[in-house]
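*Asks:* Below is the structure I would like to discuss, written out as C-alpha cells.
In our numbering, the protein residues as written are 23 to 517.
This is how it looks when you write it as C-alpha cells:
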C-alpha cells in the first residue's frame, strides 16, 4: 500500500491535517447543505440574467437570511458561486454540473450517510455492516468505494473537486476521529508495527482495520512496509509523542457539531438547532469542554496573547492598567496582559464553572494577586462607566446573538476610560465576506449552534462607530486576527 497524495511540504501537510481535523466537515456540510436546501435551482446563470440578492434567495428557499448566507458564503469562497458586489449571486458556467440530477442524487446519498459515518468505530470492531434505522449499512464498503476503488469519471475537473470536498472530506474527518478513538494513531507513534499487532492493540477486526489503514494511506498519513504499517515521513514528524495529544484534542470538538451539520437545512429553514448553545445546559457542557481543551494548549495560546499585549503596549503604556477579559475561557488572554507589566490588574469574566478552570491557570503564573474573578453573563452584567483601560473579547463575538452586539458594544464603550482600547480577537472576514475559508467554515459552525456570526471590518465599524469607537483597525496575528478600536485618542503603531 503506497502513499497516494502528492508531495507536500511539512508546513502544508500540517495545514492539511488540521483542516481535516477541524474544517473539512464544515466544508462538506455547506456543499451538501446547498443541495438539501435546493439552492442551485434558484441561482441565475452568470451573465444570462441579473444576480439574485441574498434576501431574495433566502425567500426562495424558505430560509433565514443569516442561515442562507452561512451556506452560500463558503461556496463563493471556493469559486463554485459568483458574488457580484451590490447585486447578488449567480452560477458560473463552470458550475452547471450542480443542476444535473445525477450529480444532485450523488450529493443527497452522501448526506444520507452523514450520521451513520459516526459508527465507523463499531464497524471496525465488528468488521460487519452496522445497524441503522431498522436496517443495516455497509459502512466499510462505502469507505472502500470512496477511497480504495477506481473512481467514476466526473463531468469536469470542477465537478470532481466539488464531489471530493462534499462527499469525501467529512469521511476523512471521521477516519481521523476513529483512528484516535480506537487508539490507532497512538499505536503508530513509536514506529511501524505489524498489521496483526495493530489489530490487537486497537481491538479491531483485521480486515476492517486494513480498510481504515488504506484510507489513511490515501490521505498521506500511513505507509506500508511489508505487512507493517506506520506513519508516513511527514505524518511521523507532525504526530510525534508530544504533538499527537495536542492534535487529538481538536477531534471531540469537531464531533460535537456532527448531528447539527447533518440537519443544516433545518437550521436554515426552521431555525431548529440540534446543538443550541442558547440552552443553558448545552452551553455549560460545551463551554466547559472548550475551556478544558484550551487549558491543555494554554502555553501556545499564551504566546499569541502576549503578541496582542505587545501590540497594545506600542499604542499606550500598560502601567497600572485595569484590564477586563470578557468571556475569558481559559484565562489565557487576560494572563498575557497580566504578564506584560507587573502593575496590570486583570478581571476575568465568565460563567462560574468556567472560572473554576481559569483559577489554576492564573495561579501557576503567580498572577492571582492581581486577578479578580467575575462570575456572570457578558450580556447581562453591568460594566459600569470608565472602569477599564483595556477590554478584551477573545473569540466571544461569534458565540453571541448578532442582535445583542450593538447593545454590548455600547456598554463596553462606556466602560472604557479615556485612551482606552477594545481588543476583539478571532476570525476576521474580508470586506466582501468571501474568505478566508477557515473563517467562513467557523461562521457556519457558529450559525448551526447559536445563529452567531463572524464579522468583517465593515461589519465591525457599523457596530463600533455609533457608540463612539470611531477608530478601528484589523491586525494579523499568529493563528488569528485582532481588531483594535478606540475613540481616536490613541495613536496607531508605526508600520
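Positions of the beta carbon are idealized from the N, C-alpha and C atoms, including for glycine. Remember, it's a predicted structure, so these values are computed and weren't measured experimentally.
Taking 6 Å as the limit between beta carbons, can you name the residues of its chain near residue 353, skipping five residues before and five after?
*Replies:* 370, 380, 383 and 384
*Asks:* Taking C-beta to C-beta, are residue 260 and residue 113 nearer than 7 Å?
*Replies:* no
*Asks:* Have a look at the DSSP bridge pairing and note the partners of residue 67.
*Replies:* 113
*Asks:* Could you pull the DSSP bridge partners for residue 246 from this structure?
*Replies:* 251
*Asks:* What's the call for residue 460, buried or exposed, on a 16-neighbour Cβ count within 10 Å?
*Replies:* Result: buried.
*Asks:* Taking Cβ positions, are residue 468 and residue 474 nearer each other than 7 Å?
*Replies:* yes
*Asks:* Can you say whether residue 501 is buried or exposed, counting buried as having 16 or more other CB atoms within 10 angstroms of its CB?
*Replies:* exposed
*Asks:* Whose C-alpha, out of 92, 454, 102 and 423, is nearest the C-alpha of residue 182?
*Replies:* 102
*Asks:* Are there 16 or more other CB atoms within 10 angstroms of the CB of residue 321, so buried, or fewer, so exposed?
*Replies:* exposed
*Asks:* Please confirm whether residue 295 and residue 303 have their CB atoms less than 7 Å apart.
*Replies:* no
*Asks:* Runs of 3 residues minimum, wholly inside the segment 311–353: which ones carry the beta strand (DSSP E) assignment?
*Replies:* 344–348
*Asks:* Where does residue 501 fall in DSSP's three states?
*Replies:* coil
*Asks:* Check for me: the beta strand (DSSP E) holding residue 413 runs from which residue to which?
*Replies:* Looking at the DSSP string, the run of the beta strand (DSSP E) that includes residue 413 is 410–416.
*Asks:* Quick check: residue 504 and residue 445, are their CB atoms within less than 7 Å of each other?
*Replies:* yes
*Asks:* Would the beta-carbon of residue 376 fall within 7 Å of that of residue 393?
*Replies:* no
*Asks:* Return the chain-ordered list of same chain residues with a C-beta closer than 8 Å to the C-beta of residue 25, the five sequence neighbours on each side being excluded.
*Replies:* Residue confidence is low: residue 25 scores 40 on pLDDT, short of 50, so the model does not pin down where it sits. Its coordinate-derived value is still stated next. Here the set comprises 239, 242, 244, 245 and 254.
*Asks:* Under 8 Å by Cβ, that's how I've got residue 196 and residue 142 pegged, so tell me the actual separation to the nearest angstrom.
*Replies:* Indeed, because the Cβ distance is near 5 Å, the residues count as touching under 8 Å.
*Asks:* For residue 14, which residues does DSSP report across the bridge?
*Replies:* Any property of residue 14 remains undetermined from this structure, which presents the chain solely from 23 to 517.
*Asks:* Going by DSSP in three states, residue 178 sits in which element: helix, strand or coil?
*Replies:* In this structure, residue 178 counts as coil in the three-state DSSP scheme.
*Asks:* For residue 264, name the three-state secondary structure that DSSP assigns.
*Replies:* coil
*Asks:* Please give me, in chain order, every unbroken run of the beta strand (DSSP E) with length at least 3 that falls completely inside the segment 87–152.
*Replies:* If we require 3 residues or more, the beta strand (DSSP E) runs fully inside the segment 87–152 come out as 104–106 and 110–112.
*Asks:* Going by DSSP, what residues sit across from residue 78 in a beta bridge?
*Replies:* Beta-bridge pairing links residue 78 to no other residue.
*Asks:* Measure the CB-CB distance between residue 297 and residue 282 and report whether it falls below 7 Å.
*Replies:* yes
*Asks:* Does residue 92 pass the burial test, meaning 16 or more other C-beta atoms within 10 Å, or should it be called exposed?
*Replies:* buried
*Asks:* Taking the beta carbon of residue 268 as the centre, do at least 16 other beta carbons fall within 10 Å, making it buried, or is it exposed?
*Replies:* exposed
*Asks:* Can you give me the C-alpha to C-alpha distance between residue 493 and residue 388, rounded to a whole angstrom?
*Replies:* Taking the CA atoms as reference points, residue 493 sits about 35 Å from residue 388.
*Asks:* How far does the alpha helix (DSSP H) with residue 396 in it extend, from its first residue to its last?
*Replies:* First-last for residue 396: 393–397, but that is the beta strand (DSSP E), not the alpha helix (DSSP H).
*Asks:* The beta strand (DSSP E) that contains residue 474, what's its start and end?
*Replies:* First-last for residue 474: undefined, no H or E at that position.
*Asks:* Is the segment 449–466 in contact with the segment 425–434, if contact means three or more CB pairs nearer than 8 Å?
*Replies:* No, because fewer than three Cβ pairs between the segment 449–466 and the segment 425–434 fall closer than 8 Å, the two stretches do not touch.
*Asks:* Keeping to the same chain, check which residues put their C-beta closer than 7 Å to that of residue 497; ignore five residues upstream and five downstream.
*Replies:* Excluding sequence positions up to five before and after residue 497, its CB lies within less than 7 Å of the CB of 333, 503, 504 and 506, all in the same chain and listed in chain order.
*Asks:* Can residue 357 and residue 331 be called in contact, C-beta distance under 7 Å?
*Replies:* no
*Asks:* Using the DSSP secondary-structure output, state which residues sit across from residue 154 in a beta bridge.
*Replies:* 157
*Asks:* Grouping DSSP H, G and I as helix and E and B as strand, with all else coil, what is residue 375?
*Replies:* helix
*Asks:* For the pair the segment 118–131 and the segment 196–208, tell me if three or more CB-CB distances fall below 8 Å.
*Replies:* no
*Asks:* If you measure between the beta carbons of residue 211 and residue 266, is that distance less than 7 Å?
*Replies:* yes
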